[in-house]
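Here is the structure we will look at, set down as structure tokens.
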Amino acid sequence: MLLPAIGLLTGTLAEYHPFRTHLPELSLYNLNILGKMGFGALGGFEYMAILAGETKAPARSVARSVFIAAPVIALMFVLGTSAVVAYVPTDDIDLIGPVAQVLRIGYGPFGIAAPLVTMAILMTLAMRVAQASVAFTAVTRLPMVAGWDHMLPAWFSRLHATYKTPVNSILLVGASSFGIASLSLIGVGHAEAFQLLFNGSASSTR
Numbered sequence: 658m659l660l661p662a663i664g665l666l667t668g669t670l671a672e673y674h675p676f677r678t679h680l681p682e683l684s685l686y687n688l689n690i691l692g693k694m695g696f697g698a699l700g701g702f703e704y705m706a707i708l709a710g711e712t713k714a715p716a717r718s719v720a721r722s723v724f725i726a727a728p729v730i731a732l733m734f735v736l737g738t739s740a741v742v743a744y745v746p747t748d749d750i751d752l753i754g755p756v757a758q759v760l761r762i763g764y765g766p767f768g769i770a771a772p773l774v775t776m777a778i779l780m781t782l783a784m785r786v787a788q789a790s791v792a793f794t795a796v797t798r799l800p801m802v803a804g805w806d807h808m809l810p811a812w813f814s815r816l817h818a819t820y821k822t823p824v825n826s827i828l829l830v831g832a833s834s835f836g837i838a839s840l841s842l843i844g845v846g847h848a849e850a851f852q853l854l855f856n857g858s859a860s861s862t863r
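Numbers in the numbering used here are just positions in the sequence shown, counted from 1, shifted up by 657.
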């Protein structure tokens with residue numbers, strides 16, 4: 658988010674308009690992007706219904722978190738997107754790794770792009786692992802609850818003797834996730850595989 662300011666100060670970026678508005682063209686591609694942004698920005702509260710029992714004063718904590726996080730997240734979305742658009746033409750944006758792409762372009766003239774891109778990739782990987790852990794934790798509880806309500810066999814609701822986690826449900830969801838992830842890689846390129854896996858994971862968690 659600070660990269661455009663550095664670019665303006667050093668003369669490597671001619672102009673920067675972070676809050677310029679523009680109505681995008683109505684197309685399936687733009688609707689696809691809007692759907693992903695909507696899921697990413699507005700999703701997450703449903704996990705409270707699953708994990709509220711493990712949260713201290715969930716009603717108060719969730720309300721406070723929304724008031725604090727919502728403006729910060731909105732600002733990060735706007736400034737982060739405007740930074741990418743300032744350096745990369747919209748038709749050339751890498752939808753898999755836009756952060757690494759803009760860091761490579763923006764810091765290229767300073768000779769420090771390579772280590773920064775490596776750091777960005779590692780941080781993105783850590784973020785994806787954390788997101789996957791949260792989603793996996795939530796999804797594995799759903800068959801367990803269905804087992805409690807006799808909508809699925811009781812096998813799904815069996816808990817680990819020590820950790821009290823739904824082991825059988827975890828095994829099933831883990832095997833299914835691995836199978837779907839493997840199938841999404843067959844016969845497609847990197848971008849297509851990423852889109853398929855991202856869409857599938859978003860749909861399954863919601």
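Built from N, CA and C at the ideal position, the CB exists for glycine as well.
Which residue's Cα is closest to the Cα of residue i: the options?
i	options	result
Ala795	Ala662, Tyr704 and Leu665	Tyr704
Pro810	Pro800, Met784, Ile707 and Pro746	Pro800
Ala731	Met658, Ser834 and His817	Met658
Thr669	Ala803, Ala726, Ser833 and Gly768	Gly768
Gln788	Gly701, Glu672 and Phe676	Gly701
Gly846	Leu752, Arg717, Ala720 and Met733	Leu752
Ala653	Gly836, Val802 and Tyr764	This structure cannot settle anything about residue 653, because the visible part of the chain is limited to 658 through 863.
Met780	Thr678, Asp749 and Gly754	Gly754
How should residue i be labelled, buried or exposed, when 16 other C-beta atoms within 10 angstroms of its C-beta is the threshold for buried?
i	result
Pro823	buried
Ser826	buried
Leu660	buried
Val735	exposed
Ser841	buried
Ala740	buried
Ala757	buried
Val723	exposed
Gly692	exposed
Val830	buried
Gly844	exposed
Ser718	exposed
Would you say residue i and residue j are within 8 Å of each other, going by their C-beta atoms?
i	j	result
Asn689	Pro681	no
Arg798	Ile707	yes
Val742	Arg761	no
Gly804	Phe813	yes
Return the CA-CA distance between residue i and residue j, expressed in angstroms with no decimal places.
i	j	result
Ser839	Ala832	11 Å
Phe696	Ala727	14 Å
Val759	Met694	19 Å
Met776	Gly664	20 Å
Leu685	Leu782	28 Å
His674	Pro772	27 Å
Lys821	Val791	17 Å
Pro746	Thr738	12 Å
Leu666	Glu672	11 Å
Thr819	Thr712	21 Å
Arg721	Met784	23 Å
Thr678	Val802	45 Å
Phe676	Pro766	26 Å
Gly836	Leu828	12 Å
Leu683	Tyr744	24 Å
List the endpoints of the continuous alpha helix (DSSP H) containing residue i.
i	result
Thr797	Ala770 to Trp805
Tyr673	Segment: none, Tyr673 is in no alpha helix (DSSP H) and carries neither H nor E.
Thr678	Looking at the DSSP string, Thr678 is not in any alpha helix (DSSP H), and its letter there is neither H nor E.
Phe724	Pro715 to Tyr744
Ala757	Pro755 to Gly763
Phe835	Val824 to Leu840
Ile663	Leu660 to Thr667
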